[in-house]
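Going by the working numbering, the letters in the sequence shown line up with residues 13 to 392, in that order.
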Amino acid sequence: AAEHRADVIGMSGLLVKSTVIMKENLEELNQRGMAADFPVILGGAALTRAYVEQDLHEIYEGEVRYARDAFEGLRLMDALIGVKRGVPGAKLPELKQRRVRASAVPVEEERSEEGHVRSNVATDNPVPAPPFWDTRVIKGIQLKEYASWLDEGALFKGQWGLKGDTVESEGRPRLRMWLDRLRTENLLEAAVVHGYFPCVSKDDDLIILDEEGNERTRFTFPRQRRGRRLCLADFFRPEESGETDVVGLQIVTVGSRIGEQTARLFEANAYRDYLELHGLSVQLAEALAEYWHARVRSELGIADGDPSAMEGMFRTEYQGCRYSLGYPACPDLEDRAKIADLLRPERIGVHLSEEFQLHPEQSTDAIVVHHPEASYFNAG
Ligand code: B12
């Protein structure tokens, strides 16, 4: 920033971990006495306005603001540059005050509920028989197999930023063009590694067993402290029952060629193409994961309740649930190493980095749960 004499520093945080790095960066700017020179704008899925405008604002000796989207980023840039150039009337927007959260639950009650007290999730649901144990690798999955699983709403609105009429007039033709190009330029290399593992639960832990029934690895999940007191482990037979359950694990990828192509577009300053292709590539990874999850349901014989329309699928109106590590029911990204150990995704060209990110980027892992009561919940 100093070298290019930047007016403002912007940082983007998709992962919770990046929010910690941002804080370190701000402290570093303080230490080097550079805070006054560099106002900072922060954005990204992992951040909240309160974290930036209260917590980080408290430690940073310069200006720091949160941008919900790129447009708020532009408005902040206008204001910051206005102030810097002394434009009359230019000023930064007020910082948002954190609302004090009124808690209906008295502290006493919360404390007395600490511990491993299990939720009321049923333990007498049928345990399906998997078609095989351990892992399988599937390569060369064709786009036409999983293209219908593409969540167009998430693509057009979430990734491409389209609104209202532009979805039909711009989005659809561009999507057709890109899907054609993906095929003709052979940019996708969809592959999956998945497996079925015997398991039991114990308190907040999911224990994966080996063939002899001994512990192979163990995940510990957070438990809600109030309400139903759900914990992901509750969706599996407790060890005390003497029965064994089954858990599915999967890692999917659309390969590295598409990432190389988006990088080339970025290098060439072809930003619109870059944004569109990158957005499409990540949604295709998500589509492949959902498609595979449906395959797993049918392999387990629990697909009877699947909704007939895709909209119902996107609303997860089927039996069971696909939990990706890093999401609120299983927030610990370090557990990704255990999944990688069990599935050995190197076999499909996927590697887990030291920061627990899968490479190529367009890859995602999941714990697949068959229990009828399993759905997304927040254990934070
Ligand atoms: C699409 C998506 C994916 C895609 C692609 C991810 C990618 N690399 O782009 C796929 C399916 C591959 C994926 C995978 C994973 N994901 Co994901 N994913 C998402 C999702 C749903 C949307 C992200 C997105 O692309 N948004 C669209 C872009 C355009 O929006 P944006 O990044 O928010 O940026 C906008 C604004 O925030 C703002 N902005 C952002 N930065 C900045 C900076 C400045 C300066 C300014 C001004 C503005 C600004 O402007 C942008 C445009 O408006 C988010 C949840 C969410 N709703 O955001 C989770 C999310 C990011 N994923 C998450 C997780 C956990 C994962 C996985 C680890 C899951 C797993 N176990 O496999 C993997 C990791 C992948 C890997 N390679 O290892 C978590 C991360 C939280 C955490 N624990 O750290 C999130 C937050 C979901 C959640 N609620 O928990 N994911």
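By construction, the Cβ of each residue, glycine as well, lies at the ideal position given by its N, Cα and C atoms.
Computed from a predicted model, the values in this text were never measured in an experiment.
Buried versus exposed, by CB contacts within 10 Å (16 or more), residue i
i    : result
A114 : Bear in mind that a pLDDT of 47 at A114, under 50, signals an unreliable position, so the model cannot answer this.
M325 : buried
W172 : buried
F168 : buried
R359 : exposed
H128 : exposed
P372 : buried
H16  : exposed
A299 : buried
H305 : buried
L301 : One detail in the question is off: residue 301 reads as Ala in this sequence, not Leu. Burial call: buried.
Q273 : buried
H363 : exposed
A245 : buried
P118 : Residue placement at P118 is flagged as unreliable, the pLDDT there being 45, under the threshold of 50; the coordinate-derived value follows with that caveat. Exposed.
A47  : buried
Same chain only: Cβ atoms within 6 Å of residue i, ignoring 5 sequence neighbours per side
i    : result
C243 : D216, F233, R235
R240 : S131
I153 : A202
G260 : Y208, V308, V380
P357 : V205, I263
E65  : Y78, L107, K108
M23  : M34, L54
Strand pairing of residue i, partner residues [DSSP]
i    : result
I263 : V205, D377
S24  : G55
R77  : I53
V258 : P210
L370 : L364
Inter-residue CB distance, residue i and residue j (contact presumed, cutoff 8 Å)
i    : j    : result
A378 : Y335 : 6 Å
E75  : P51  : 4 Å
S213 : R249 : 7 Å
T265 : A203 : 6 Å
G332 : H382 : 5 Å
V149 : V205 : 5 Å
R256 : P210 : For the record, residue 256 in the displayed sequence is Thr; it is not Arg. The pair is a contact, with the Cβ atoms about 5 Å apart (cut-off 8 Å).
G56  : G25  : 4 Å
A386 : F247 : 5 Å
M89  : V133 : Between V133 and M89 the Cβ distance is about 49 Å, and since that is not below 8 Å, they are no contact.
D347 : L337 : 5 Å
L155 : L200 : 6 Å
K35  : E367 : The pair is not a contact, with the Cβ atoms about 16 Å apart (cut-off 8 Å).
Same chain only: Cβ atoms within 7 Å of residue i, ignoring 5 sequence neighbours per side
i    : result
E39  : I71
G183 : F168, W172, L174
A13  : I21, F50
T31  : G25, A58, L59, Y63
S365 : H371
Contact set for residue i: own chain, Cβ-Cβ below 8 Å, skip 5 residues either direction
i    : result
A275 : none
T135 : R249, P250, S253
G258 : The amino acid at residue 258 is misidentified as Gly; the sequence shows Val. These residues qualify, in order along the chain: V139, P140, A141, P142, Y208, F209, P210, C211, L312, H382.
Q374 : T265, V266, G267, I270, G271, S293, V294, L296, A297
E122 : For E122, the pLDDT reaches just 45, beneath the cut-off of 50, and the residue's location in the model is therefore unreliable, leaving the point undetermined.
Exercise for the section: Return the chain-ordered ranges of every beta strand (DSSP E) run that is complete within the stretch 179-252 and spans a minimum of 3 residues. Expected result: 202-214, 217-221, 227-232
Exercise for the section: Tell me the start and end of each unbroken beta strand (DSSP E) in the stretch 129-186 that is at least 3 residues and wholly inside, in chain order. Expected result: Correct list: 146-153.
Exercise for the section: Return the chain-ordered ranges of every alpha helix (DSSP H) run that is complete within the stretch 262-343 and spans a minimum of 4 residues. Expected result: 269-279, 283-311, 322-326
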